[in-house]
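J.: Numbering (our numbering), first residue to last: 467 to 818. Even for Gly, the Cβ is constructed at its ideal location relative to N, Cα and C. Have a look at this one before I ask anything.
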């Protein structure tokens, strides 16, 4: 009898709880409904609770199948904008400071000398394959940098100057050119890596080169280096390999949204893409300057593949010694070999 009484008591409590649940829910619903009714009376056009639920990011039900199709409004887009705008602002400051700094340096210092009087004896510094790999990546990189800057800074910098019609055309063209040029890096980066990785190893001499960098920039005294100096190796590893690979991967994620990545991943990739691009552009400005206006004879060497032995000895003394000793793959040019101007006029090595 005692056990039966306990069982009946427990059953009675359970029935009472079940019976009270709908009443509680009904009471809560009634309370919520009452609150909404009161809000409608005091603020008849206030739909904030509705839009608060919409912007919460909670998925709903839809017949459309796909990533995030159940989310009506993704509030992360506003977060992405708040991140993107400062990146563009400070990135633009970095690039502008780099351009102005290099212009000021050139105005004060001028082009760095190529060494003593050219001897007229040429060394083949870059093979055709080396130059093709370099120029493929260089041209691709410059196109991407210019169009990327237009897309990220154009609204703030160019739109007030050009007006809506011209800027709309320029932005549309830049977007198309950027999107179709970017995938070229899939070929350009590995090709350049294969052609130049052998001579871009990092050693003690590279650290010594950096310790004497101010002697190079302001006095023209070049610390001995191998085929590539430490500055060129920084450009190779950090910009052309690491940052360019990051730019390629993040760009492909944004460019092809049909592989299952959601907008959140694409927004993060876009932020990474922008930061990497601005850093890479700032570093590349130094490389482009030194390879064109900054160092006499540097551009001619990459354009035609040949440098005067005086230039080689002044800028890359260890490499020059290896060429003389026959330890390097690069060799002295044969008689009549070289660019037409130098081949016809020995001793008249181009200085630009």
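If residue 560 and residue 748 are in contact, beta carbons under 8 Å, what's the gap, nearest whole angstrom?
T.: Translated into the one-based positions of the chain shown, residue 560 becomes position 94. Translated into the one-based positions of the chain shown, residue 748 becomes position 282. The Cβ separation is near 5 Å, so the contact holds.
J.: Could you name the residues that DSSP lists as bridge partners for residue 590?
T.: As a first step, residue 590 must be located in the chain shown, where it is residue number 124. According to DSSP, residue 590 bridges with 772.
J.: Counting along the chain, where does the alpha helix (DSSP H) carrying residue 644 start and finish?
T.: Within the chain shown, the letter at position 178 stands for residue 644. Segment 630-647, the alpha helix (DSSP H) holding residue 644.
J.: Among the residues of its own chain, which have a CB less than 7 Å from the CB of residue 682, if the five just before and after it don't count?
T.: Start at 1 with the first residue of the chain shown, and residue 682 comes out as number 216. Hits under 7 Å: 688 and 689.
J.: By Cβ distance below 6 Å, which residues in the same chain neighbour residue 695 in space, the five residues on each side in sequence not counted?
T.: Translated into positions along the chain shown, residue 695 becomes position 229. Excluding positions up to five away in sequence, the list reads 675.
J.: So, is residue 613 buried or exposed, given that buried needs 16 or more other C-beta atoms within 10 angstroms?
T.: Here residue 613 is taken as the residue at index 147 of the chain shown, counted from 1. So residue 613 counts as buried.
J.: Leaving out the 5 sequence neighbours to the left and right, which residues in its chain are closer than 8 Å to residue 565 when beta-carbon positions are compared?
T.: Taking the chain shown and counting its residues from 1, the one referred to as residue 565 is at position 99. Taken in chain order, the residues that qualify are 751.
J.: Less than 9 Å between the C-beta atoms of residue 759 and residue 563, yes or no?
T.: Counted from its first residue, the chain shown places residue 759 at position 293. Counted from its first residue, the chain shown places residue 563 at position 97. Taking 9 Å as the Cβ cut-off, residue 759 and residue 563 do not qualify as a contacting pair.
J.: Can you check DSSP and say which residues form a bridge with residue 700?
T.: Translated into the one-based positions of the chain shown, residue 700 becomes position 234. BP columns for residue 700 are empty, so no partner.
J.: Secondary structure at residue 684, three-state DSSP: helix, strand or coil?
T.: The count along the chain shown starts at 1 and reaches residue 684 at position 218. Residue 684: helix per DSSP, three-state reduction.
J.: Pull up the CB-CB distance for residue 699 and residue 734, whole angstroms please, since I reckon it's below 8 Å.
T.: On the chain shown, position 233 is the one that residue 699 refers to. On the chain shown, position 268 is the one that residue 734 refers to. Not really, about 30 Å apart at Cβ, beyond 8 Å.
J.: Between the beta-carbon of residue 679 and the beta-carbon of residue 697, is there less than 9 Å?
T.: Looking up residue 679 in the chain shown gives position 213. Looking up residue 697 in the chain shown gives position 231. The answer is yes: Cβ separation under 9 Å.
J.: Leaving out the 5 sequence neighbours to the left and right, which residues in its chain are closer than 7 Å to residue 534 when beta-carbon positions are compared?
T.: Counting from one through the chain shown, the residue named residue 534 turns up at place 68. 540, 728 and 729, listed in sequence order.
J.: Identify, in the order they occur along the chain, each residue of the same chain with its Cβ nearer than 8 Å to the Cβ of residue 588, setting aside the five sequence neighbours on each side.
T.: Indexing the chain shown from 1 puts residue 588 at position 122. Around residue 588: 772, 773, 774, 775, 798, 799, 803, 804, 808 and 815.
J.: Whole-angstrom Cβ separation of residue 620 and residue 721, contact assumed at under 8 Å?
T.: Locating residue 620 in the chain shown gives position 154, counting from the first residue. Locating residue 721 in the chain shown gives position 255, counting from the first residue. About 19 Å; that fails the 8 Å criterion.
J.: Looking at the structure shown, is residue 725 part of a helix, part of a strand, or coil, going by DSSP?
T.: Within the chain shown, the letter at position 259 stands for residue 725. Coil at residue 725, not helix or strand.
J.: In its own chain, which residues sit with a C-beta less than 6 Å from the C-beta of residue 546, not counting the 5 before and 5 after it?
T.: Your numbering for residue 546 matches position 80 in the chain shown. Result list for residue 546: 733, in chain order.
J.: According to the neighbour-count rule (16 or more other Cβ atoms, all chains shown, within 10 Å of its Cβ), is residue 595 buried or exposed?
T.: Here the question's residue 595 lines up with position 129 in the chain shown. With fewer than 16 other Cβ atoms within 10 Å, it is exposed.
J.: Pick from 524, 715 and 741: whose alpha carbon is nearest that of residue 553?
T.: Locating residue 553 in the chain shown gives position 87, where the first residue counts as 1. Among 524, 715 and 741, the Cα nearest to that of residue 553 is on 741.
J.: Who are the Cβ neighbours of residue 597 in its own chain at under 7 Å, not counting the five residues just before and after it?
T.: As a first step, residue 597 is located in the chain shown; it is residue number 131 there, counting from the start. Cβ neighbours of residue 597 beyond the five flanking positions: 768 and 771.
J.: Between residue 796 and residue 790, which are expected to be in contact by the criterion C-beta below 8 Å, what is the C-beta distance as a whole number of angstroms?
T.: As a working mapping, residue 796 is identified with position 330 in the chain shown. As a working mapping, residue 790 is identified with position 324 in the chain shown. Incorrect: roughly 11 Å between the Cβ atoms, too far for contact.
J.: Going by CA-CA distance only, name the one from 702, 638, 617 and 657 that's closest to residue 466.
T.: The chain is shown from 467 up to 818; residue 466 falls before or after that span and cannot be answered.
J.: Is the beta carbon of residue 599 less than 9 Å from the beta carbon of residue 661?
T.: As a first step, residue 599 must be located in the chain shown, where it is residue number 133. As a first step, residue 661 must be located in the chain shown, where it is residue number 195. For residue 599 and residue 661, yes; Cβs fall inside 9 Å.
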